[in-house]
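One structure below.
Protein chains in written order, with this note's numbering: chain A, 38 to 363; chain B, 38 to 363.
Now the structure itself:
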């Protein structure tokens, strides 16, 4: 990481900008990516903040700004290592500014890259929603797990196009994103049936399909909110087709494959005041092997395991120097 | 039910005695059976309670007492229809007093039957603990689900006999019996690893065996706290042997097979203030098919599916008239 030259107050400011992304336990990866765009936009203005010390005289504003953006990219990836769009976004922004020499040029190229990334995300979401529409049988129950903005937009889009169906979802302890999902869907005119996670076996068998979001896609499988593996195993047992809905920006390279395992939250979020002798685990992510998925619904169609290899090859290439793992 | 002759105040008193059993969401079936013995002992003294109106003059105390006991048995079964020992206990008490003509004779026979039932439960638990001891590999992790006094006594017994192992358990939302389990085990000197229910897939694979309690055993499978089906499916997927621990008093006849499905709790216990348009389900029990179990550990040894038929045949016979379903 080439941010050794940043003052500690600028580093602290960047950490502060990334903090709300770390604490966002309720949003899916695509929604967090949209929030990260705002973080970059704020980071681009750090130098204008009079309360921060200016760069040392021998360093140009342009060099400093590049370091700020590299540090921002690293900070965002660090706080949510499982959420692949943050890595993709960082890479795109840093590649876009690489050859720029002026502060103004960097700001322009960075903003262009962010806008392009946002447009791509939105276009992908629209295509995925069109494909998912055909997977929702009229009058049926659809199971949806955790909170994925991609899944939500697919369901709301289908309802808006006049398809009638109901959604079954569970809580997704301990952060209860399932309640956020239920609230969002019901305010969009979709009837919801809700229960706790361990009651999955009592409701899933009545569903005609199950949808899950994606945090990142690795060669070993799809990473998503903990509980997704359980859902996938139950879907196979009950013969309910399971689709993971995701833009291809969520593929990550092999060297980041198990980064998501770092993301453990405090045990006290699960059991405040657990007795001595009880170790409380609060891991956030599950790995779902591709063989447990019926298909991966992307902007390029419904992909099966055999279709995925080119995406992994592509994602290995072209990682910006500042984001390579040491 | 032959309790038409009971005054409404006596009926109300019996309902009140059974109420704590209804609201006990944290105890397993064997533990609830022990509490139910106290309910019968209190019911035997209802006539001595001066605040209650006495029986009409043409009815003898003996007839009234038989009706009180029949009503108590029905009330206990009604509040916990999945918990088979309550049915077995009611049947044993009513059979024991059937031929008695005096109040004193009824009280004596009922107390003898209750004591015998309690002794049988305790002897069964001790035998089951001996068998389970050999299923706990030294130094390994054992998964235990929900709260079963049979499972707890097996684990504490093994620890007291000097076997060292750790236990992994999950919350068992929404009543969180898993926390009661963790607390009980850790105070008995067993280290516990605890997490939420949907994280089962992250911890179960490290366990050498899984133990579950039983509420009742039907021809269709074992009924236990919701989440048990998920556990059983995950155990098969991860090749972890799963044992259900239960005395044979938990076999029930075919006519009560699906009584447990009646036992739905208020949705507000899952999500207080859920938005309009969200139906919240709070079912309490899962049915685990025998094919998903490695074995049923009883006082008669570890039974496989093929061994079970005689138990179902026996349980069909000899149900007291007052407890037959209409």
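Positions of the beta carbon are idealized from the N, C-alpha and C atoms, including for glycine.
query, result
"Classify residue 201 of chain A as buried or exposed, calling it buried when 16 or more other Cβ atoms lie within 10 Å of its own Cβ.", "exposed"
"With distances taken Cα to Cα, identify the nearest neighbour of residue 279 of chain A among A:65, A:145 and A:169.", "A:169"
"Apart from the five residues just before and just after residue 212 of chain B, which ones in its own chain have a Cβ nearer than 7 Å to its Cβ?", "62 and 63"
"Going by DSSP, which residues form a beta bridge with residue 249 of chain B?", "B:182 and B:281"
"Are any of the Cβ atoms in chain B nearer than 9 Å to that of residue 234 of chain A?", "yes"
"Output, in chain order, the set of chain A residues within a Cβ distance shorter than 9 Å of residue 210 of chain B.", "208, 210, 233, 234, 235 and 236"
"With a 10 Å radius around its C-beta and 16 neighbouring C-beta atoms as the bar for buried, classify residue 127 of chain B as buried or exposed.", "buried"
"Kindly identify the DSSP beta-bridge partner or partners of residue 231 of chain B.", "A:317 and B:206"
"With 9 Å as the threshold, decide whether the Cβ of residue 357 of chain B is near any Cβ in chain A.", "no"
"Any Cβ of chain A within less than 9 Å of the Cβ of residue 188 of chain B?", "no"
"Do residue 249 of chain B and residue 235 of chain A have their C-beta atoms closer together than 9 Å?", "no"
"Going by Cα to Cα distance, which pick from B:173, B:223, B:57 and B:252 is closest to residue 122 of chain B?", "B:252"
"If contact is defined by three or more beta carbon pairs under 8 Å, each pair taking one atom from either stretch, is the segment 173–184 of chain B in contact with the segment 136–153 of chain B?", "no"
"Would a check of beta-carbon distances place residue 56 of chain A closer than 9 Å to chain B?", "no"
"Closest to residue 81 of chain A by CA distance: which of A:100, A:68, A:360 and A:288 is it?", "A:100"
"Which residues in chain A sit within 9 Å of residue 175 of chain B, going by Cβ to Cβ distance?", "Chain A residues near residue 175 of chain B: none, gap ~19 Å exceeds 9 Å."
"Mind listing, in chain order, the continuous beta strand (DSSP E) runs of no fewer than 3 residues lying wholly within the segment 324–363 of chain B?", "332–335 and 338–340"
"What does the Cβ neighbour count give for residue 313 of chain A, buried or exposed, with the cut at 16 atoms within 10 Å?", "exposed"
"May I ask you to report which of helix, strand or coil DSSP gives residue 240 of chain B?", "helix"
"Output the residue ranges of the alpha helix (DSSP H) runs that lie fully inside the segment 66–137 of chain B and measure 4 residues or longer, sorted by chain position.", "66–80, 98–116 and 121–134"
"Does residue 303 of chain B come within less than 9 Å of chain A when only Cβ atoms are used?", "no"
"Alpha carbon to alpha carbon, how far is residue 247 of chain A from residue 241 of chain A? Give it in angstroms, no decimals.", "8 Å"
"Can you confirm whether residue 120 of chain A, when its beta carbon is compared against all beta carbons of chain B, has any partner nearer than 9 Å?", "no"
"Assuming residue 308 of chain A contacts residue 216 of chain B under a Cβ cut-off of 8 Å, what Cβ separation, rounded to an integer in Å, is found between them?", "6 Å"
"Under 8 Å between beta-carbons, which chain A residues line up against residue 274 of chain B? List them in chain order, please.", "270"
"How about residue 110 of chain B and residue 133 of chain B: do their beta carbons lie closer than 9 Å?", "no"
"Which of the three DSSP states is assigned to residue 59 of chain A in this structure?", "helix"
"Return the CA-CA distance between residue 349 of chain B and residue 290 of chain B, expressed in angstroms with no decimal places.", "6 Å"
"Would you say residue 64 of chain B faces chain A, with C-beta separation under 9 Å as the test?", "no"
"Mapping the DSSP letters down to three states, classify residue 258 of chain B as helix, strand or coil.", "strand"
"With DSSP as the reference, please indicate the residues paired to residue 322 of chain A in a beta bridge.", "A:262"
"Under 9 Å between the Cβ atoms of residue 58 of chain A and residue 131 of chain A?", "no"
"Please confirm whether residue 228 of chain B has its beta-carbon closer than 9 Å to some beta-carbon of chain A.", "yes"
"Mapping DSSP to helix, strand and coil, what is residue 295 of chain B?", "coil"
"From this set, A:60, A:316 and A:117, which residue's C-alpha is nearest residue 305 of chain A's C-alpha?", "A:316"
"Counting pairs of beta carbons, one from the segment 257–271 of chain B and one from the segment 183–200 of chain B, are three or more of them closer than 8 Å?", "yes"
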